[in-house]
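Everything below concerns the one structure shown next.
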Amino acid sequence: MAELPIEELKRLEAVTAELMQAFDISAPPIPVELMLQRPKDDMWEQVDVSQLSGTFLTVSDYYSPRMSLARLLARHIIWSEWGQARDLKRLSANEDLLRAFARILVMPANMVEAMNKSAHTSTAVSLRFEVPENDAQTRLDELLLYE
């Protein structure tokens with residue numbers, strides 16, 4: 018993982034908190050598919066996930082398709098007027114930041130931190146947030162940067 022700017026990650030956390038509030042999401046797992054299918058007014062174009070080809074979805078892990086959808090959601094957000102109003106379009110030029118945004122979307126800091134400290138393992142986070150273990154570990158590593 019490339020070194021990611023902490024201030025940028027914190028800004029993406031704030032954008033994610035705004036999204037969680039708009040969609041009234043207070044606990045994992047984050048309903049990525051529903052967010053794509055039923056965006057709030059003036060956010061992004063709805064996506065018919067049933068029309069996605071099987072080659073689009075990564076299936077190396079049981080939860081890999083959710084991360085593929087999270088990256089798709091991140092892309093829709095940054096290219097939308099809603100995302101552009103929050104200066105997210107520039108993320109499109111940085112794949113590492115885009116992937117970090119996708120991880121933040123499905124594992125918001127406040128929800129990970131709400132877990133018991135003993136549950137801050139890649140396995141526990143993977144199961145709670147329904148994400149691949151390697152993404153859970155990367156997210157836990159990112160959260161350590163905030164301390």
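Yeah, the sequence shown ends on 164 if you go by this note's numbering, and it's all consecutive. Cβ atoms here follow ideal geometry from the backbone N, Cα and C, with glycine treated the same way. If you're wondering where the values come from, they're calculated on a predicted model, not measured in any experiment.
Neighbourhood of ARG92 by C-beta distance below 8 Å, restricted to the same chain and skipping five residues each side: SER109, LEU115
Alpha helix (DSSP H) runs contained entirely in the segment 88–129, provided each spans 4 or more residues: 98–101, 112–123
Nearest neighbour of ALA153, chosen from MET37, ARG83, PHE40, ASP65 [CA to CA]: Residue ARG83 holds the alpha-carbon nearest to the alpha-carbon of ALA153 among MET37, ARG83, PHE40, ASP65.
With 16 other Cβ atoms within 10 Å as the buried cut-off, status of TYR80: buried
Alpha-carbon to alpha-carbon, GLY100 and GLU3: Past the edges of the chain, shown from 18 to 164, lies residue 3, and the structure says nothing about it.
Buried or exposed by the 16-neighbour rule on C-beta atoms within 10 Å, applied to SER135: In summary, SER135 is exposed, with fewer than 16 beta-carbon neighbours lying within 10 Å of its beta-carbon over all protein chains present.
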